[in-house]
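The sequence shown runs 1 to 405 under the UniProt record's numbering. Contents: one structure, followed by commentary.
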Amino acid sequence: MHSPLESLPSELIVRILSAGEHHAIRLLELAMVSDRFRTVITGTPSLWTNIVLFISPENLDVMLAVLDLALICSGPVLLLDLTMEIDLNTTSFQFNQILLRVYEMAPRLRTIEILFDTQANSDMDFVRKLHWMVEDSGQDTPFVNLEKLVLIVGNDRVVDFADYPVSVLFPNLKILSLVGITIRSAHHIPARLALPHLERLDMLVSFDSTSPFILRDLLASVPALRTLVFAMTTDLPSTVTFTHGTREATSPMVHQSLQTLKIQGRLEDLHGQLPTLCLPSLQSLHLSDLYAQLGGAYVAYRGGRLVDNVLEMLAQSKCELKEFAFENCWLKNEDLLRLLLTFQHLTSFTLSLRNVVSLHDDSLFGMLFERSQFERVLPSLRKLVVSTDWISAILEECLEALTLI
Numbered sequence: 001m002h003s004p005l006e007s008l009p010s011e012l013i014v015r016i017l018s019a020g021e022h023h024a025i026r027l028l029e030l031a032m033v034s035d036r037f038r039t040v041i042t043g044t045p046s047l048w049t050n051i052v053l054f055i056s057p058e059n060l061d062v063m064l065a066v067l068d069l070a071l072i073c074s075g076p077v078l079l080l081d082l083t084m085e086i087d088l089n090t091t092s093f094q095f096n097q098i099l100l101r102v103y104e105m106a107p108r109l110r111t112i113e114i115l116f117d118t119q120a121n122s123d124m125d126f127v128r129k130l131h132w133m134v135e136d137s138g139q140d141t142p143f144v145n146l147e148k149l150v151l152i153v154g155n156d157r158v159v160d161f162a163d164y165p166v167s168v169l170f171p172n173l174k175i176l177s178l179v180g181i182t183i184r185s186a187h188h189i190p191a192r193l194a195l196p197h198l199e200r201l202d203m204l205v206s207f208d209s210t211s212p213f214i215l216r217d218l219l220a221s222v223p224a225l226r227t228l229v230f231a232m233t234t235d236l237p238s239t240v241t242f243t244h245g246t247r248e249a250t251s252p253m254v255h256q257s258l259q260t261l262k263i264q265g266r267l268e269d270l271h272g273q274l275p276t277l278c279l280p281s282l283q284s285l286h287l288s289d290l291y292a293q294l295g296g297a298y299v300a301y302r303g304g305r306l307v308d309n310v311l312e313m314l315a316q317s318k319c320e321l322k323e324f325a326f327e328n329c330w331l332k333n334e335d336l337l338r339l340l341l342t343f344q345h346l347t348s349f350t351l352s353l354r355n356v357v358s359l360h361d362d363s364l365f366g367m368l369f370e371r372s373q374f375e376r377v378l379p380s381l382r383k384l385v386v387s388t389d390w391i392s393a394i395l396e397e398c399l400e401a402l403t404l405i
């Protein structure tokens, strides 16, 4: 006797499965329901475009077999999204086997996301090894359809950007995320990431050296970029200086496309970068002192000079900023007032005050409250978020001011 599932029309089975996020391994499980299910599932190429593999030394052969099956069932034309989580015990030899399969299916790939276990072998250099394969072939890169690349490395492995040819290997990327690496030879970043179609770049990284104007140089190499998330996860060595160098910034670099800029890290090292930028399309600016947020020995950066540089960048950009977030910085009343009086188009403002109890004025919103008595402050504001571990009085003051802003 057939189960209710068996009586479903084939077209309905396909529509139900297509409505969900079913990766290749899940499809194999569903195919075991019945012979009819297996026929429908394996005969529908569009179901096999999402491949998720959890790779360990014990199951490598099985995972590669799943990959081969997905390639067959998806047909010869459809582009594929490949996600791999690689176990810490995977050997270099096994990793090379995986790389070979990735290289062989390169023209079919639209997305590659790889999560390396926190203790993964340091020899697992995804980008450089693929580039060596391309060089050995004597052909142009086969990754012409790849639009998204995400590499998450959990052990802060050092990557030398002098030999990290992302733009050569993946010339048509639109989204790139590099997480958990320590970058050496950071002055090569603009050249290695010179991607004309890149729209989003996420860098959650550390540096052992860098150039004094890394943000300006980076943006100059990605003209189509709309979103930049630039986060430094560790302190800079004493030999590294961002705001002073052998080369001085003259006129600000104009970037017409950037709409969202998020900077996280030690803002004392980064704030001097802002006046080198002119961003006419900027709508969202997020500045966060990651060190204060983590509660380390580093004390939250005092915000006066940072406010100066933010205002200078906004003035020369002539942008209509809609969203602004300012986290973990020490602000005097006059600094906050100078900042907020600039935002005529701001609809969302987030202010986070953490681990800075002893540095704030007793009445942080006092001057803003007084000013709002006789003129409108933040006339377009629709959302205000204040987060703090300080005394609750600041929240009461903020709520009172909200009635007049």
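We treat Cβ as the ideally placed atom computed from N, Cα and C, and that holds for glycine. Quick caveat, the model's predicted, so the values are computed rather than measured.
query                                                                                                         : result
Spatially closest choice to P107 from L78, I183, H187 and F207, by CA coordinates                             : L78
Beta-carbon separation (whole angstroms), T90 vs I55, contact threshold 8 Å                                   : 6 Å
Cβ-Cβ distance between I112 and L149 below 8 Å                                                                : yes
Euclidean distance between Cα positions of F230 and S348                                                      : 21 Å
Segment limits, beta strand (DSSP E) that includes K129                                                       : Element bounds for K129: not the beta strand (DSSP E) but the alpha helix (DSSP H), F126 to S137.
Other residues of its chain near A162: CB distance less than 8 Å, five sequence neighbours each side excluded : R184, S185 and H188
Residue nearest to L381 in terms of C-alpha spacing, selected from L201, S251, F324 and L225                  : F324
T276 classed as buried or exposed, judged by whether at least 16 other C-beta atoms fall within 10 angstroms  : buried
Boundaries (first-last residue) of the alpha helix (DSSP H) holding T42                                       : D35 to T42
I175 beta carbon less than 8 Å from that of R200                                                              : yes
Residue from R338, L279, Q373 and K332 whose Cα sits closest to the Cα of L314                                : L279
Pick from E104, E147 and V168 that is closest to S177, judged by C-alpha positions                            : E147
CB of V166 within 8 Å of CB of I181, strictly                                                                 : no
Coil, strand or helix - D87 by DSSP                                                                           : coil
Selected residue, minimal CA-CA separation from M105, among L258, G75, L261 and N328                          : G75
S92 classed as buried or exposed, judged by whether at least 16 other C-beta atoms fall within 10 angstroms   : exposed
Residues near V385 by beta carbon distance below 6 Å, same chain, minus five either side                      : T350
Close Cβ partners of Q256 (< 8 Å) along its chain, the five nearest in sequence each way excluded             : P223, P280 and S281
According to DSSP, residues forming a beta bridge with G265                                                   : D289
Rounded C-alpha distance that separates G296 from E327                                                        : Confidence in G296 is poor, its pLDDT being 42 and thus under 50, which makes the residue's placement unreliable; the coordinate value appears in the next sentence. Straight-line Cα distance between these residues: approximately 15 Å.
Cβ-Cβ distance between M253 and R216 below 8 Å                                                                : yes
Assumed close pair L228, L258 - CB separation to whole angstroms, cut-off 8 Å                                 : 6 Å
Beta-carbon spacing of V179, V144 below 8 Å                                                                   : no
Proximal residues to V134 (C-beta, below 6 Å), its chain only, five neighbours per side dropped               : T141
CA-to-CA distance, L287 to V299, given in whole angstroms                                                     : Low per-residue confidence applies at V299: pLDDT is 43, beneath 50, and the placement is therefore not dependable, though the value from the model is reported in the following sentence. Taking the straight line joining both Cα atoms gives about 16 Å.
Beta-carbon spacing of L311, L340 below 8 Å                                                                   : no
Bridge partners - I72, DSSP secondary structure assignment                                                    : BP columns for I72 are empty, so no partner.
In DSSP terms, what D160 is bridged to                                                                        : R184
Local conformation of D202 per DSSP, three classes                                                            : strand
Integer Cβ distance of S110 from L80, believed to fall under 8 Å                                              : This sequence places Arg at residue 110; Ser is not what is there. Indeed they touch by this definition, with Cβ atoms about 6 Å apart.
Beta carbon of Q283 nearer than 8 Å to that of K322                                                           : yes
C-beta atoms of V307 and D335 nearer than 8 Å                                                                 : yes
L359, DSSP secondary structure in three states                                                                : Any reading at L359 needs caution, since the residue's pLDDT is 48, under 50, leaving its predicted position unreliable; the model's value is listed next. If DSSP states are grouped into helix, strand and coil, L359 belongs with the helices.
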